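Numbering of the sequence shown is given in this note's numbering, commencing with residue 454 and proceeding in unit increments.
From the three backbone atoms N, C-alpha and C, an ideal C-beta is built for every residue, glycine too.
Remember, predicted model here, so these are calculated numbers, not experimental data.
To start, the structure itself, in structure tokens.
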Amino acid sequence: MGEYLQFFSQFSGGNLAWKHWVVDGFFNQTQLRIRPRYLAAEGLAKAFSDDVVPDGVQKIVTKQGWLPPVNTASKTAVRIVRRNAFGEPRLSSAHHMPCSWQWRHE
């Protein structure tokens, strides 16, 4: 993950590459599979040659994603934002639609 952050911090707008992630499922019983939201393997291949992109970045974007343990993710302020058709965060729903939530520890 350190290689990934270091690589994208050198570009303007690089914070989009490390701030927005999508949970893509579970790698196994104790690890989440998380992928970058605004990056895809196709775009990485077009923008950079293979020798420029570090192996850690290739692994996260093109292969298995980032695999943090579930307990590590629970220590951060994870926030899930579900939006309605107008792009507004949905905080509650009378029609059983998915709602936004935040994982907090006090």
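Inset, instruction - Identify, in the order they occur along the chain, each residue of the same chain with its Cβ nearer than 7 Å to the Cβ of F479, setting aside the five sequence neighbours on each side. - result: Within the sequence shown, numbered from 1, the residue matching residue 479 stands at position 26. So the list reads L485 and R486, once near-sequence residues are dropped.
Inset, instruction - Answer yes if the stretch 527-534 comes into contact with the stretch 542-558, meaning at least three C-beta pairs across the two stretches below 8 Å, and no otherwise. - result: A contact exists between the stretch 542-558 and the stretch 527-534.
Inset, instruction - Taking the CB atoms as reference points, tell me whether A494 and T525 lie closer together than 8 Å. - result: If you number the sequence shown from 1, residue 494 lands on position 41. If you number the sequence shown from 1, residue 525 lands on position 72. Taking C-beta atoms as the reference points, A494 and T525 fail to come closer than 8 Å.
Legend entry - Cut-off 7 Å between Cβ atoms - residues of its own chain near W519, not counting five sequence neighbours on either side: Locating residue 519 in the sequence shown gives position 66, counting from the first residue. Result list for W519: M454, I487 and I513, in chain order.
Legend entry - Paired residues, beta bridge with L485 - DSSP: In the sequence shown, residue 485 corresponds to position 32, counting from 1. Looking at the DSSP assignment, L485 forms a beta bridge with F479.
Inset, instruction - Along the beta strand (DSSP E) that carries V531, what are the first and last residues, could you check? - result: Within the sequence shown, residue 531 is the residue found at index 78, counting from 1. Run containing V531: V531 to I533, per the beta strand (DSSP E) assignment.
Legend entry - Backbone CA spacing between Q517 and A538 [nearest angstrom]: As a first step, residue 517 must be located in the sequence shown, where it is residue number 64. As a first step, residue 538 must be located in the sequence shown, where it is residue number 85. Roughly 31 Å separates the two Cα atoms.
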